[in-house]
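Numbering (this note's numbering), first residue to last: 45 to 979.
Backbone N, C-alpha and C define an ideal beta-carbon position, used for all residues, glycine too.
So, in structure tokens, the structure goes:
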């Protein structure tokens, strides 16, 4: 019997920990208040050592509960001397022991023996080193092992036993708590969507679990009636989390003033809406503010229920809904019809954006404030859901990819003062600016394959032909990107263990993939930032208005180019007119998604911003339009820096580009014929004599993320998905949407069974001779097509032709040849215009998978370094020559300096991994450790 009730609860906790909850009770009797005052919180902490533990306890977990209870009770004896810091070596030895025997029932004595210290010191040292207890780490390893076995086809009971769980129910409880789905759902076979029957696709699908969402390339499991209440609960939870704060009230007052100005302007501009007087207009302002405050939380909850594409559609209607409801309640206003309301809502949004721009002196303060409120809301939700652990977490890493920005151009822009945020980082020496050489090919897919996976051998260009399967692969198509990622995947991705991929081509083994081409997925219901962005007047509608401004700006800038006869230039109409405003929408959405993930405390986030690359392709890399896009990206970096201060952990920012760009008139503009036409004339027989010829030289890169979004949209269930399928059914094949020329080119090549196929990626061209499945040597090519090689070498628009000879690959020019294996040169070196690394780049490229029988590089203009792209783009990348291989790397100056020179995306991957090791996000020996998520 224990007289002190608080001490009694502590002893009861020890008793239950040692002999189990079914043992006899420990009786207590009342003690004086003085005794209780001597134990402030000790009983609560001791009781917490064994609280919420309904599942079977392992020996290691029981020992840890005992240690926690003893630590809680130690305050009864008064203050204790400070303990000396415990070494990390002991924790490392314990971790190694758990790695090797996580399926065994380890005890604290086992770990203490391995660490050479006491059993209680083991618990403290491990938590200090890794932020979680040994039993938590052991459980994570067991869960991952069980999930792998379930994916491989093992039964649930068998997986539980082999992974070390007490029984099937023990596994089920922890699996559901950590992954959001049951083991049975994980092991359930899925039906492939895209004409595939191989079970590997289902396994890949199941292995991409992220908080219960399945986000790969096969068809989602249709939602059952039982699943719908969960969706509704998610939406209602979003509504419940909304709170009227002082900041919101200030925002409401400002919005009311803005609304008065905006509505007055709207009623003056549109004849279909009228108000009887000033009082009626003021009343409408109050109604709009009140209705908006009431409806937007409801609409955000609805957007969360609808999922990604439903939120996109709702975002286009939300302002009209708010205005229509307010007009319905306003007695002294009149409106002609519903379309007029819709038009009035968008006019009001446009005017509001203009008024807010003037009010904020041209800054993005309103957008930033809304995003910060979103981050605070996300953090509250994480804490309420039990994911906000008060454990020490390593600093996080945010990697921002500025697609296509050349290092020389960025340096020049910093010196000119056009990039104030990057310039401030460099002048205050918080960051160091470096560069890296991309090698060949200089494309986004190849760069991300290297940066995210450390392997570029699988990606010889932006698109390529595979002679063994006789098909064209284009990495902007979600299906092809997913296929390439499966070849790259090998448990070495940069974003593994909690990383987030946003707006990339490949996922990098991230557990959460948003707007990633290889996963073809809109953000699901778990992405609250997406729903908030779509329903906020400072999110989707603001981005649309700014996008319309970009469209008007593009029309003006293109007209100025034509009137001034700026050369070189290409047509800037057609699809680019729609894609340029889309980049504005994507940029703001990316910022919102990054902010949400920082609020959740994701260890590493990697996001690609394509603004500059898209504009530079059509306007030119160093033209004013492209520099304006670069300045906008610098502004975005400043926004991310401000948002990082509200994150769940401290984030370090690394900025890099995946390649540069080179300018020049296109091959067709210079010579009035395309590369495929030149090849067609040189091959024996020619097209007019029955020679079958295929080509893939259209501009397709910009369509990748659009196709990914639409592909996910048509795979969903519901009316919005059905409407989308009906609208774009002509561009849908096997559940995949392919806008742009990529699908037409692939179909033409597949159906035409061509004897030659010509591929273009910037000023890099490849010619495939398909009669033989293997790569052909010069002798065999000359025997089949006597004029082909010599004719290409003699063409003034082609700088070099690389072909295999008996001694290895050779680069042929009009006045000389360069043997790549040993560097032997005959005559003039044809590689001289391409830089000192050209030979090594070409030799490595020849060793990649599925390289063409002939590899071509266009000519390079001496003095200007302009190239002749085989695509119709004035700014291009993919080959060699000019700035296209000079990429950016900007990183904190306190870190270990990057190697100089830094050559190839594989080397960038190794550098980033080393920095992850220094941050504590990865082990140096490349073994996996799952770290806690901050909250």
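Might you give, ordered along the chain, the residues of its own chain that have their beta carbon closer than 6 Å to the beta carbon of residue 465, omitting 5 neighbours on each side? Within the same chain, residue 465 has close Cβ partners 678, 681 and 682.
CA nearest to the CA of residue 650, picked from 897, 641, 656 and 657: 641
Would you be able to state if there are at least three C-beta pairs under 8 Å between the stretch 928-939 and the stretch 692-710? Taking a cut-off of 8 Å on C-beta distances, the stretch 692-710 touches the stretch 928-939, as three or more cross pairs fall below it.
Determine, using beta carbons only, whether residue 598 and residue 624 come nearer to each other than 7 Å. Annotated as proximal: residue 598 and residue 624, with beta-carbon spacing under 7 Å.
Given this structure, state the Cα-to-Cα distance separating residue 658 from residue 692, to the nearest angstrom. 33 Å
Are residue 801 and residue 497 closer than 7 Å when you measure CB to CB? Against a cut-off of 7 Å, the Cβ pair of residue 497 and residue 801 comes out as no contact.
If contact is defined by three or more beta carbon pairs under 8 Å, each pair taking one atom from either stretch, is the stretch 531-549 in contact with the stretch 833-848? no
Is the CB-CB distance between residue 916 and residue 614 below 7 Å? Against a cut-off of 7 Å, the Cβ pair of residue 614 and residue 916 comes out as a contact.
Taking only three categories from DSSP, how would you classify residue 503? Looking at residue 503 - three-state DSSP - the assignment turns out to be coil, as it is neither helix nor strand.
Secondary structure at residue 724, three-state DSSP: helix, strand or coil? helix
Could you check whether residue 706 and residue 899 sit closer than 7 Å to each other, using their CB atoms as the reference points? no
Can you give the beta carbon distance from residue 502 to residue 893, rounded, assuming they're within the 8 Å contact cut? 6 Å
Is residue 222 helix, strand or coil when you go by DSSP? helix
Rounded to a whole number of angstroms, what is the C-alpha to C-alpha distance between residue 462 and residue 617? 28 Å
Mind reading off the beta-carbon distance from residue 555 to residue 708? Whole number of angstroms is fine, and I expect it under 8 Å. Not confirmed; about 42 Å, so no contact.
Short Cβ contact (7 Å threshold) for residue 207 with residue 147: Yes, Cβ-Cβ distance for residue 207 and residue 147 is below 7 Å.
Residue of 451, 506 and 417 minimising C-alpha distance to residue 480: 451
Beta-carbon proximity check, residue 212 vs residue 196, cutoff 7 Å: no
So what's residue 562 in DSSP terms, helix, strand or just coil? Residue 562: helix per DSSP, three-state reduction.
Going straight from the alpha carbon of residue 793 to that of residue 494, what length do you get? The straight-line gap separating the alpha-carbon atoms of residue 793 and residue 494 is approximately 29 Å.
DSSP-derived helix/strand/coil call for residue 447: In this structure, residue 447 counts as coil in the three-state DSSP scheme.
Are the stretch 806-813 and the stretch 858-868 touching by the rule of at least three beta carbon pairs closer than 8 Å? no
Close Cβ partners of residue 919 (< 6 Å) along its chain, the five nearest in sequence each way excluded: 660, 661, 664, 665, 705 and 707
Environment of residue 542 [buried if 16+ CB atoms lie within 10 Å]: buried
When the Cα atoms are used, what is the spatial distance from residue 909 to residue 520? Spanning the two alpha carbons is a distance of roughly 28 Å.
Could you tell me if residue 546 is buried or exposed, where buried requires 16 or more neighbouring beta carbons within 10 angstroms of its beta carbon? buried
Which ranges would you report for the alpha helix (DSSP H) in the stretch 166-230 if only whole runs of at least 4 residues count? 178-196, 200-207 and 212-223
Check residue 464 in the structure and name its three-state DSSP category. helix
Buried or exposed: which applies to residue 228, given that a residue is buried once 16 or more other Cβ atoms fall within 10 Å of its Cβ? exposed
Select from 488, 854 and 639 the residue whose C-alpha is nearest the C-alpha of residue 505. 488
Where residue 835 falls: helix, strand or coil (DSSP): Collapsing the DSSP output to three states places residue 835 in a helix.
Quick one: what's got a C-beta closer than 7 Å to residue 271's C-beta in the same chain, skipping five residues either side? Only weak support is given to the placement of residue 271: the predicted model assigns it a pLDDT of 36, under 50, and the value that follows is read from those uncertain coordinates. Nothing meets the Cβ criterion.
Our contact map puts residue 500 next to residue 950 with C-beta atoms below 8 Å; I'd like the distance itself, whole angstroms only. 6 Å
Kindly provide the ranges of any alpha helix (DSSP H) runs that are 4 or more residues long and lie completely inside the stretch 841-926, ordered along the chain. 882-890
Selection from 145, 415 and 192 that minimises the alpha carbon distance to residue 634: 415
Among 460, 719 and 143, the one whose alpha carbon lies nearest that of residue 671: 460
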